[in-house]
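J.: A single structure is presented below for examination.
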Amino acid sequence: MAVVGVSGAGKTTLAGVVAGTHLPEAGRVARPGRTAMITQEIHVFAGTLRDNLTLAAPTATDHDLHAALEATGAAPLLDLLPDRLDTPLGVGGHPLTDAQAQQLALGRLLLTDADLVILDEATAEAGSTDAGQLDRAADAVLAGRTAVVVAHRLSQAATCDRIMVMERGRIVETGTHGELVDAGGVHAGLWAAWEATR
172 MAVVGVSGAG
182 KTTLAGVVAG
192 THLPEAGRVA
202 RPGRTAMITQ
212 EIHVFAGTLR
222 DNLTLAAPTA
232 TDHDLHAALE
242 ATGAAPLLDL
252 LPDRLDTPLG
262 VGGHPLTDAQ
272 AQQLALGRLL
282 LTDADLVILD
292 EATAEAGSTD
302 AGQLDRAADA
312 VLAGRTAVVV
322 AHRLSQAATC
332 DRIMVMERGR
342 IVETGTHGEL
352 VDAGGVHAGL
362 WAAWEATR
């Protein structure tokens, strides 16, 4: 399920309620099994690449770490790092680009093997050069899982099974991308504006 809307519509608040970081004022949220969330504030922690990945899965093997990097398109990063998995990152360590940091966060999320994945504009900082690569990385993380995707790029939302459109904290439309564009409502307007800027 993609969640879209203009800035301030309530998308991040809804993601927080679903993730359990915000408590609902009424009702309850039922989550399937383990839940994991990535926001647009991506962190590279002080420590090695291995440390950054095993935060999510302390018992992960090197094979698991390599598989997560491969699935998220970050495997080439290993060839850039002098000590590969044991290269220090973060403050005082090897610098990463924004796209590499986002791939690392997606790899960490993949290693959690969560049942419910929430991406709150997790690939929003990607420049146009990296957008496709990060969308493919996000697809790898979402495969076979229930997911809520707060989408900055409407092209990402269009690939989701369903879209929920928010305005002023309320859900105003739901449907597939095609249904919502054909309906000519809020999503259709957002999509037309998005297409005009591409």
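FYI, the numbering used here numbers position 91 of the sequence shown as 262, with every residue one higher than the one before it.
Note that the Cβ used here is the ideal one computed from N, Cα and C, for glycine as well.
Is the beta carbon of Ala239 closer than 7 Å to that of Leu282?
T.: Result yes, Cβ atoms of Leu282 and Ala239 sit closer than 7 Å.
J.: Report back the beta-carbon spacing between Val357 and Val336 to the nearest angstrom; my notes put them in contact at under 8 Å.
T.: With a Cβ gap of about 5 Å, Val357 and Val336 count as contacting.
J.: Quick one: what does DSSP say His348 is sitting in, helix, strand or coil?
T.: Helix.
J.: By the three-class DSSP mapping on this structure, what secondary structure does Leu166 have?
T.: One cannot answer for residue 166 here, as it falls past the ends of the chain, which runs 172 to 369.
J.: Helix, strand or coil for Pro247 per DSSP?
T.: Three-state result, Pro247: helix.
J.: State buried or exposed for Gly278, treating a residue as buried only when at least 16 other CB atoms are found within 10 Å of its CB.
T.: Result: buried.
J.: Inspect the beta-carbon positions of Leu305 and Gln273 and report whether they are closer than 7 Å.
T.: Yes. Within cutoff.
J.: Using 8 Å as the threshold, is the region 288–295 in touch with the region 207–217, meaning 3 or more CB pairs across them?
T.: Segments in contact, yes.
J.: Just reading off the beta strand (DSSP E) that Thr206 is part of, what are its end residues?
T.: Residues Thr206 to Ile209.
J.: Considering only C-alpha positions, which residue in the set Val177, Met172 and Ala173 is nearest to Trp365?
T.: Looking at the Cα atoms, Val177 is the closest of the given residues.
J.: What residues match up with Ala318 in a beta bridge as DSSP calls it?
T.: Answer by DSSP bridge pairing, in chain order: Val288.
J.: So, Gly261 versus Ala217, is the Cβ gap smaller than 7 Å?
T.: Their beta carbons are under 7 Å apart, which means Gly261 touches Ala217 by this criterion.
J.: Here's the rule I'm using: 16 or more other beta-carbon atoms within 10 Å means buried, otherwise exposed. How should Gly360 be labelled?
T.: Classification for Gly360: exposed.
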